[in-house]
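For any residue, its number in our numbering is found by taking its place in the sequence shown, counting from 1, and adding 1. What follows is a short report on a single structure.
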Amino acid sequence: MNASNAVAHPEWCHIKECRVRPDGSGEHWSRPVKLETAGRISLSIRMLQDGRRVGAKANSPARTHVYLDYFVPAIGDVPEEDYVLPLDVESAAALGNALLAASKEAGR
Ligand SMILES: [Zn+2]
Numbered sequence: 002m003n004a005s006n007a008v009a010h011p012e013w014c015h016i017k018e019c020r021v022r023p024d025g026s027g028e029h030w031s032r033p034v035k036l037e038t039a040g041r042i043s044l045s046i047r048m049l050q051d052g053r054r055v056g057a058k059a060n061s062p063a064r065t066h067v068y069l070d071y072f073v074p075a076i077g078d079v080p081e082e083d084y085v086l087p088l089d090v091e092s093a094a095a096l097g098n099a100l101l102a103a104s105k106e107a108g109r
């Protein structure tokens, strides 16, 4: 088996976005999921996981993150800006739950 055959990709990894090298270093990336928004702010979500080096210990879990990318258009004198919010999985879930709760509360 050569090194490239040893790379295992998460189910959600998108081959065109993946940056894992044949030795297993680099990052797996999902395809960005763009959220439909009614406003001028654009949002997208993508997942990242550290590549596993060939021969890595099985008990050293790969780290997975959720990235929230958002674009804010120019407002007054403030120029437009792209932002990236990298979140660990637990923080992403907490943010999602908090947004859902806030949106339900605001909709009352
Ligand atoms: Zn991958």
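We put the beta carbon where it would ideally sit given N, CA and C, even for glycine.
task = Could you check what DSSP says for S104 in three-state terms: helix, strand or coil?
result = Taken through DSSP and simplified to helix, strand or coil, S104 comes out as helix.
query = Does the count of Cβ pairs from the region 76-83 and the region 101-109 closer than 8 Å reach three?
reply = By the C-beta criterion, the region 76-83 is judged not to be in contact with the region 101-109, since fewer than 3 inter-stretch pairs fall below 8 Å.
task = Go through its chain and collect everything with a Cβ distance to A63's Cβ below 7 Å, but skip five positions before and after it.
result = Q50, D51 and R53
message = At a cut-off of 7 Å, would you count H29 as near ligand 1, judging by its Cβ distance to the nearest heavy atom?
response = yes
query = CB-CB under 6 Å to H15, same chain, minus the five flanking residues each way: which ones, in chain order?
reply = S31 and R32
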